[in-house]
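Okay, so the sequence shown: first residue is 1 according to UniProt numbering, each after it adds one.
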Amino acid sequence: MEDKTPTPHIGAKYGEIAETVIMAGDPLRAKFMAEKYLENPVLYNNVRGMLGYTGTYHGKRVSVQGHGMGIPSIGIYTHELFNFYGVKAIIRVGSAGAIDPELKIGDIVIGMGACTNSRFADQFQLPGTFAPIADFGLARKAVEEAERLGIRYKVGNLFSSDTFYDDSQSTTVWQKMGVLAVEMEAPALYMNAARSGNRALVICTISDNIVTGEAVSAEQRQTGFTNMMEVALGII
Numbered sequence: 001m002e003d004k005t006p007t008p009h010i011g012a013k014y015g016e017i018a019e020t021v022i023m024a025g026d027p028l029r030a031k032f033m034a035e036k037y038l039e040n041p042v043l044y045n046n047v048r049g050m051l052g053y054t055g056t057y058h059g060k061r062v063s064v065q066g067h068g069m070g071i072p073s074i075g076i077y078t079h080e081l082f083n084f085y086g087v088k089a090i091i092r093v094g095s096a097g098a099i100d101p102e103l104k105i106g107d108i109v110i111g112m113g114a115c116t117n118s119r120f121a122d123q124f125q126l127p128g129t130f131a132p133i134a135d136f137g138l139a140r141k142a143v144e145e146a147e148r149l150g151i152r153y154k155v156g157n158l159f160s161s162d163t164f165y166d167d168s169q170s171t172t173v174w175q176k177m178g179v180l181a182v183e184m185e186a187p188a189l190y191m192n193a194a195r196s197g198n199r200a201l202v203i204c205t206i207s208d209n210i211v212t213g214e215a216v217s218a219e220q221r222q223t224g225f226t227n228m229m230e231v232a233l234g235i236i
């Protein structure tokens, strides 16, 4: 395989990134995870401020990295990780807005599938609609780990939107189809994993409620959502 590293977006050389990567939209959340959980973390990327670290967790080699906001951004980073760095599994740990009335702030959602208004799948020129789904093995382990830790969780569909400020204000209509929460990245991760023959999972913490308007601060999003981090690290 031709070595295409470093890439335009990741400054690491081949071999500096572990086969399992835990990713967060906020690079400062990746930094927080590396400093809090990893033994001997080494910074491998600071291109565009998208921090990435490799270390060990209970003796297992793992990397943590930011992926930015939105499907185009995570699409670039995960494509490069899967196709140029030999990464085999990516777990996204992010925030999401609840539209399921049973979800509370701080609960986690394990994204079994991802509905979207994105056109990301058009590039694959499929003669139909692709259903982006998680790797079942990772999802099953995440459920087992959440139950072991006593963390409140739900498993189901996410809605991944290309717009954060949506003039149509139509997000809650997805609730009619049993969708649990809204985020902005899962389909690109799941499709890139499928296309490259690798594994992926999205675990989100409920940071706000689309229906009631309840929300947490930016600082709480960055450093307070440790339950999903511990579930992700527990399944590597």
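For every residue, glycine included, the Cβ atom is placed at its ideal position computed from N, Cα and C.
Suppose the cutoff is 7 Å on Cβ atoms and the five residues either side in sequence are ignored; what does the same chain contact list for residue i look like?
i: N192; result: G75, T78, H79, F82
i: I235; result: L138, K141, A142, E145
i: I151; result: I108, N227, V231
i: Y190; result: A114, P132, I133, A134, A200
i: F120; result: I71, G75, P187, A188, M191
i: P27; result: G49, M50, L51, G66
i: A215; result: S207, D208
i: P47; result: The displayed chain sequence assigns Val, not Pro, to residue 47. So the list reads H9, I10, G11, once near-sequence residues are dropped.
Please work out which residues of its chain come closer than 6 Å, Cβ to Cβ, to residue i, disregarding the five sequence neighbours upstream and downstream, and give them in chain order.
i: G178; result: none
i: M228; result: V93, I108, I203, T205
i: P41; result: A34, Y53, G55
i: Q175; result: I99
i: N45; result: I10, G11, A12, G52
i: L103; result: I206
i: K31; result: L51
i: T116; result: S160, P187
i: V155; result: I110, M112
i: F130; result: A121
Of the residues the options, which one's Cα is nearest the Cα of residue i?
i: Y165; options: M184, L43, L180, A142; result: M184
i: L201; options: T163, G213, D122, L158; result: L158
i: V231; options: A142, E102, P187; result: A142
i: S63; options: T5, L189, Q125, I17; result: I17
i: P101; options: I210, L189, R195; result: I210
i: I91; options: G70, E214, I71, Q65; result: Q65
i: G106; options: Y153, F32, S168; result: Y153
i: A194; options: L180, F124, G128; result: F124
i: I22; options: K60, D3, V182, S217; result: K60
i: K88; options: M69, S196, T163; result: S196
i: M69; options: A181, K36, E147, D162; result: D162
For residue i, which beta-bridge partners are listed by DSSP?
i: L201; result: I91
i: R61; result: T56
i: N45; result: G52
i: D208; result: G97, A215
i: I22; result: V64, I91
i: G113; result: I133, N157
i: A232; result: Partner(s): none; A232 has no beta bridge.
i: E183; result: S160
i: I108; result: Y153, T205
i: E39; result: T56
Please classify residue i as buried or exposed, where buried requires at least 16 neighbouring CB atoms within 10 angstroms.
i: G173; result: Note that residue 173 corresponds to Val in the displayed sequence, not to Gly. Exposed, by the Cβ-count rule.
i: T20; result: buried
i: S95; result: buried
i: R29; result: buried
i: H67; result: buried
i: F136; result: exposed
i: Y57; result: buried
i: G97; result: buried
i: T171; result: buried
i: F84; result: buried
i: G15; result: exposed
i: S118; result: buried
i: G25; result: buried
i: L233; result: buried
i: L38; result: buried
i: L180; result: buried
Point to revise | Minimum length 4: unbroken alpha helix (DSSP H) runs contained in the region 118-170 | key: Runs of the alpha helix (DSSP H) lying entirely within the region 118-170 and spanning at least 4 residues, in chain order: 136-149.
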